[in-house]
Amino acid sequence: MSALTKLTLKGALDGLAAKDFTSVELTKAHIDAVEAARGLNAYILETPEQALEMAAASDARRAKGEAGPLDGAPLGVKDLFCTKGVRTTACSKILENFVPAYESTVTSNLWRDGAVMLGKLNLDQFAMGSSNETSYFGPVTNPWRAKDSNKALTPGGSSGGSAAAVAADLCLGATATDTGGSIRQPAAFTGTVGIKPTYGRCSRWGVVAFASSLDQAGPIAKTVEDAALLLNSMSGHDPKDSTSLDVATPDFTQFVGKSIKGLRIGVPKEYRVDGMPAEIQKLWDDGVAWLKEAGCEIVEISLPHTKYALPAYYIVAPAEASSNLARYDGMRYGLREEGANLAEIYENTRAAGFGDEVKRRILIGTYVLSAGYYDAYYLKALKVRRRIAEDFDHAWQKVDAILTPTAPSAAFGLGENSSDPIAMYLNDVFTVTTNLAGLPGLSLPAGLDANGLPLGLQIIGKPLDEGTVFSVAGAIEKAAGFTAKADKWW
Ligand code: GLN
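Take a look at the structure:
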C-alpha cells in the first residue's frame, strides 16, 4: 500500500471521494511508513490508535454522505500545537510530560474538517532554531542527501519534523509555525511547499508561544494546491486570540492555476546579499524568467531597511520569548526541580528544563528589556520594524507580489552550524522581514543545486492577499516542473 503514501493531499481526497480506498487503508499505509522511518526522528510521538479511530469515524461519515473538506486525510502536527489528552512538549525538557487539557484552534479546525492525526512532529526547542538541532528529542534527519553522499543533512528548522515528514511521505501534510522563517526555510530544505499566512489569519490559541507578535501557524504540504487546501481549514477568526483577524477566509484553492498575466512582481535589490551562492542567484533568475513568460511585469524594487531586519528580529523575538517563557517556573505545569526556597525552585527548574539556545534567547531578551538597555535595543528594534513594514508599504504601490530566494543555501550538514549561533541566525535573512511586517510568505521548491538538493523560491504578498501569492506560486510550480523526490534510504 506504499503507493497510497505517494499521493498528494488532493489526490488522496479525490481517491477517498471516489471510494478507491478508505481512510482506514490510507491511514494504515501512513502508520506503516511512519514506523519504517523512525530513523529520521520526524515524529516524536506516534498516535496510531487514535489515528485509526479517527479514520474509521471518517469512513463512517463519508458513508453517510457527511464528509468534510479534509475528511480522512492523515496529517502530522508540529509538537508546538496543544492537542487535548496528547502530550505536547515544544520539544523541551520543561514540558516533557505536559498533557494539555485543550486543543489548539488550528488543529481543532483540521479535525472539524475531518482530518486524521498521525502524531506529533519534532521541532527546535520552543521553535528556536533553524536546523532542528535544539530539540530535546534530538535532531531530525533530512530525507534528502547530496548526490553520492551519506552525510546526514538538516531538514531546517524549526519545523524540521513537519518538513521531513511531508518530504518522506510520512503524512499528507503537516501543521507548522513560523516566527522568523520556520515554515519556509524547512520547506525549502526538503523540496516541500510551506506558507506563513498574514499575521492574524490563523489563531495562535493553543500554540505554545515563542514571540507572540511574530508567531503564525501555517501548513507544509507536497504541492501549492495542497497548501491552499490546508490553509483553508487552518484559517479563520477566533475570539480566543485577540490578534486573530475577523476576516472571511476565501477558498485559497481557487487562486491556484489562475492566470497571473499582467501582475507586477517586485525583485528587491537588497536581497542580493554578499556571498550568495551562484546557484541561488540562478534559481532566482529562473523564477523571474518563468514569471515573465507567464505575462508578469518584473519591477526592481528597493526595501532599504532589509539589512537591519535580522538584528531587529533577534532583539524583538528574544524579548518576547523571555516574557512568554517566564511562565515555566515549575509551579503550574511542566517540570519541577525542588529547591530550598521558591527562588531556588525557579532557578533549578529553569536551569534543568531549558536547553542552551532557549537560555541564550532568555538572556538576550531579558537584557534588551532591562531598564538601562530598553531604549537602546528594544525600542530601537521596534522602530526598525516599523521602517521595514513601511518599505513594504511603499513597494505595494508599485508591485502586486515580491519574489526572492527562501534561504541563502541548500540544506547543510547536521552539526555544521550548531556551534555558531550567528551563522545559524543568517539562515533567516530572507524570511524574517515578512514576520516583522506581518505579511504572507510562501516557499516552494523550484530547482536542485549541483549536489541534487532542493532549493526554494519565496513569494511575499500584500496583507491578506494570500490569493495572489497562491496564484504566483501555482504558476512557478507549473513552470519549474519540480517533481524530484528524495531517494528512499531510510
Ligand atoms: N530560525 C529563527 C529563530 O531561531 C526562526 C524560528 C521560527 O520561525 N520559529 O528564531
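Residue numbers are given in numbering that gives the first Met the number 0: position 484 of the sequence shown equals residue 483, and the series is strictly consecutive.
Heads up, the beta-carbon is just placed ideally off N, CA and C, and yes, glycines get one too.
- Query: In whole angstroms, what separates the C-alpha of PRO215 from that of LEU3?
  - Reply: At residue 215 the sequence reads Gln, which differs from the Pro that was named. Each residue's Cα considered, the two are about 31 Å apart.
- Task: With a 10 Å radius around its C-beta and 16 neighbouring C-beta atoms as the bar for buried, classify TRP488 as buried or exposed.
- Result: exposed
- Message: Excluding the 5 residues flanking CYS170 on each side, which residues of the same chain have their C-beta closer than 7 Å to its C-beta?
- Response: HIS29, PRO73, LEU74, GLY75, LEU117, ALA164
- Task: List in chain order: all unbroken alpha helix (DSSP H) runs of 4+ residues lying wholly within the region 278-354.
- Result: 308-323, 341-352
- Query: alpha helix (DSSP H) containing THR433: first to last residue?
  - Reply: 431-436
- Task: State the beta-bridge partners of ARG37 as determined by DSSP.
- Result: Per DSSP, none; premise fails for ARG37.
- Message: Can you tell me whether ASN416 sits near the ligand GLN, meaning its C-beta is under 7 Å from at least one heavy atom of the ligand?
- Response: no
- Whether GLY71 touches LEU15 by CB criterion (8 Å): For GLY71 and LEU15, yes; Cβs fall inside 8 Å.
- Which same chain residues, not among the five before or five after LEU309, have their C-beta less than 8 Å away from its C-beta? Once the five neighbours on either side are set aside, the close Cβ partners of LEU309 are TYR424, LEU425, ASP427, VAL428, VAL431.
- So GLY437 and TYR270 are in contact, right, with Cβ under 8 Å, and what is the actual spacing, rounded? No, GLY437 and TYR270 are not in contact; Cβ-Cβ is about 19 Å, not under 8 Å.
- Message: Please tell me whether, using a cut-off of 7 Å, the distance from the CB of SER491 to the nearest non-hydrogen atom of the ligand GLN is below it.
- Response: Residue 491 lies beyond the stretch modelled for the chain, which goes from 0 to 489, so this question has no answer here.
- Message: I'd like the list of long-range same chain contacts for ILE363, defined as Cβ closer than 7 Å, with 5 residues on each side in sequence excluded.
- Response: PRO317
- Task: Answer yes or no: the CB of PHE254 versus the heavy atoms of the ligand GLN, is any distance below 7 Å?
- Result: no
- Query: Roughly how many angstroms lie between the CA atoms of PHE254 and THR467, to the nearest whole one?
  - Reply: 7 Å
- Message: Just to confirm the assignment, what range does the beta strand (DSSP E) spanning ASP237 have?
- Response: Careful: ASP237 lies outside any beta strand (DSSP E) and carries neither H nor E.
- Excluding the five sequence neighbours on either side, which residues of its own chain have a C-beta within less than 8 Å of the C-beta of VAL272, listed in chain order? PRO407, VAL428
- Query: Over what stretch of residues does the beta strand (DSSP E) that includes MET116 continue unbroken?
  - Reply: 115-120 is the span of the beta strand (DSSP E), which, as asked, contains MET116.
- Message: Please list the terminal residues of the continuous alpha helix (DSSP H) segment that includes SER161.
- Response: 159-166
- Task: Look at GLU356 and ALA210 and say whether their C-beta atoms are less than 8 Å apart.
- Result: no
- Query: Are the CB atoms of GLY286 and LEU402 nearer to each other than 8 Å?
  - Reply: yes
- Given SER470 as reference, the closest of PHE353, ARG37, ALA226, PHE80 once Cα atoms are compared: When the alpha-carbon of SER470 is set against those of PHE353, ARG37, ALA226, PHE80, the nearest one is in ALA226.
- Item | Cβ contact check for the region 95-104 and the region 49-68: 3 or more pairs under 8 Å | no
- Message: When you measure from the CB of THR174 to every non-hydrogen atom of the ligand GLN, does any distance come out below 7 Å?
- Response: no
- Which whole-angstrom value describes the C-beta separation of GLY329 and TYR345, a residue pair presumed to lie in contact below a C-beta threshold of 8 Å? 6 Å
- In whole angstroms, what separates the C-alpha of ASN208 from that of CYS81? A small fix is needed here, since residue 208 is Ala in this sequence, not Asn. The alpha-carbon atoms of ALA208 and CYS81 are separated by roughly 11 Å.
- Message: Restricting to Cα atoms, I'd like to know which of TYR312, LEU452, PHE188, GLY156 is closest to SER148.
- Response: LEU452
- Query: Exposed or buried, THR88, counting other C-beta atoms within 10 Å across all chains shown (16 or more means buried)?
  - Reply: buried
- According to DSSP, is ASP374 helix, strand or coil? helix
- N- and C-terminal bounds of the alpha helix (DSSP H) containing ARG60: Residues 47-62.
- Hey, would you say the C-beta of PHE80 is under 7 Å away from at least one heavy atom of the ligand GLN? Not under cutoff, so the answer is no.
- Regarding SER181 and the ligand GLN, is the C-beta to nearest heavy atom distance less than 7 Å? yes
- Query: Leaving out five residues before and five after PRO196 in sequence, what residues of the same chain have Cβ atoms less than 7 Å from its Cβ?
  - Reply: GLN215, GLY217, LEU230, SER234, PRO439, GLU465
- Just the Cα atoms here: how many angstroms apart are LYS461 and ASN450? 34 Å
- According to DSSP, residues forming a beta bridge with TYR42: Bridge partners of TYR42: LEU120.
- Message: Which residue wins for smallest C-alpha separation from LYS221, given the options THR189, SER232, THR242?
- Response: Its Cα nearest to that of LYS221, the residue THR189 stands out among THR189, SER232, THR242.
- Query: Between which two residues does the alpha helix (DSSP H) harbouring PRO407 extend?
  - Reply: Careful: PRO407 lies outside any alpha helix (DSSP H) and carries neither H nor E.
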